[in-house]
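When we follow numbering that gives the first Met the number 0, the leftmost residue of the sequence shown carries the number 0, and every step to the right adds one. Positions of the beta carbon are idealized from the N, C-alpha and C atoms, including for glycine.
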Amino acid sequence: MQSTNPPRPGQRPDRIIRACSAQMAPVWEEPEKTLAKAEILIRDAAAGGADIICFPEQVFTGWDPVSHEHIQDSSGMIVSFLKKAARDAGIAIIGSIRERSVPSPRNTAVVISSEGTILTTYAKIHLFSPALENTAFSPGTRLGTFTLGTLKCGLAICYDLRFPEVFSAYAAEGVQAVFVPSAWPASRIRHWELFITARAAENQMYVIGVNTTGKTPVDIYDGTSMTADPNGALISHAGDAEQLIFSAIDPAVADAARSAFPVGKDRRVALYRDLA
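The following block contains the structure:
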């Protein structure tokens, strides 16, 4: 397992959140084995000074747009495992599950605090219709926000990156960083970098894209997890191997960008609705 940007103790102001992106491959439809891998990464992230670790979309089972195997809720095996791991390591964790719901399950990200409690959940709003995800899952209907220290965070999942409205809605709520767990295929990886940097620059926020790597029965993934800062510059970038990458997320940088160049105040939301 590779790790980039090693910790530098004593050089971080209290307001800065150290985010860890866990780029990894699933053990296909075997969550127990994948969670065993994840547990090692969680410990390594904590040892590297991370405040939070984010895993790729549905990595504990492998992203399958139509599979209903391992459907569970927040009391199920995956979330229970992550709660204990968060408590043991003393860091927050973002993971995702095929969440039980009616009439069909949801593709849901769960944020767990360092004390092992659920801070928020977010169900994927834009389901990937080219792979028929919309036929097997129900879409989410709300944003998911949480705070780490003074940092206000949001969640999006993979295909949501193609829809700037989600990110502008977060910006309107004062969100300074959005985590995006994903299973973004190698065939469209150019779009991945384009959208991450664009969403960050448009909304003057950090965008932390955490991608799957490796080959599954569904697709091939090149990793390339990355974090863009509020000016759209990449501050961390992974290759295609399983690895951890660390990013320093500073809410003051987002606030300064919005203060110096306040484009958000010029948005005409009511007009956009009339134009639709």
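What is the residue span of the alpha helix (DSSP H) that residue i lies within?
i    : result
V78  : 76-88
A256 : 250-259
I41  : 30-46
A269 : 268-274
Is it buried or exposed, residue i, if we count other Cβ atoms within 10 angstroms and call 16 or more buried?
i    : result
Y271 : exposed
A171 : exposed
V174 : buried
T116 : exposed
G139 : buried
D273 : exposed
K123 : buried
T134 : exposed
H69  : buried
R141 : exposed
P104 : buried
V262 : exposed
F260 : exposed
A45  : buried
For residue i, which residues of its own chain have a beta-carbon under 6 Å away from its beta-carbon, when the five flanking residues on both sides are left out?
i    : result
F194 : L160
P6   : Note that P6 has pLDDT 48, beneath the 50 cutoff, so the model's placement of it is unreliable and no number is given.
K264 : none
V217 : D63
I219 : A185
H236 : M225
L233 : M225, A227
G222 : Q22, N210, T212, A237, D239
Grab me the residues of residue i's own chain with a C-beta within less than 7 Å of its C-beta, minus the 5 sequence neighbours each way, in chain order.
i    : result
A199 : Y205, V206, A227, D228, P229, G231
R42  : A88
T144 : T119, K151, C152, G153, E172, V174
S73  : V109, I117
G163 : Here the sequence assigns Pro to residue 163, which means Gly is not the residue at that position. Excluding positions up to five away in sequence, the list reads R198, E201.
F136 : S103, P104, R105, N106, L126
A84  : E38, I41, I92
S100 : S137
Quick check on the DSSP output: the beta strand (DSSP E) that includes residue i runs from which residue to which?
i    : result
I96  : 91-98
T348 : Residue 348 lies beyond the residue range present for the chain, which begins at 0 and ends at 275; the question has no answer from this structure.
S235 : 233-236
T212 : 212-214
T107 : 105-111
Q22  : 16-22
I52  : 51-53
D221 : 219-221
Quick one: residues in its chain with C-beta nearer than 8 Å to the C-beta of residue i, no 5 flanking neighbours on either side, listed in chain order?
i    : result
S149 : Looking at the sequence shown, residue 149 is not Ser but Thr. These residues qualify, in order along the chain: R14, P250.
A269 : none
A256 : Q203, P229, N230
D254 : Q175
- Item | Start-end ranges of the beta strand (DSSP E) lying completely within the stretch 168-210, minimum 3 residues | 176-181, 205-210
- Message: Report the start-end ranges of each alpha helix (DSSP H) in the stretch 117-166 that is 4 residues or longer and not cut off at the edges.
- Response: Qualifying alpha helix (DSSP H) stretches, in chain order: 132-135.
- Can at least three beta-carbon pairs, one atom from the stretch 242-253 and one from the stretch 10-26, be found at a separation below 8 Å? Yes, the stretch 242-253 touches the stretch 10-26.
- Message: Any contact between the stretch 110-127 and the stretch 143-157? By contact I mean 3 or more CB pairs, one from each, below 8 Å.
- Response: Enough Cβ pairs lie closer than 8 Å, so yes.
- Message: Quick test of the definition: if touching needs 3 or more C-beta pairs under 8 Å, does the stretch 25-37 touch the stretch 75-84?
- Response: Remark: three or more beta-carbon pairs, one from each stretch, lie closer than 8 Å, so the stretch 25-37 and the stretch 75-84 are flagged as touching.
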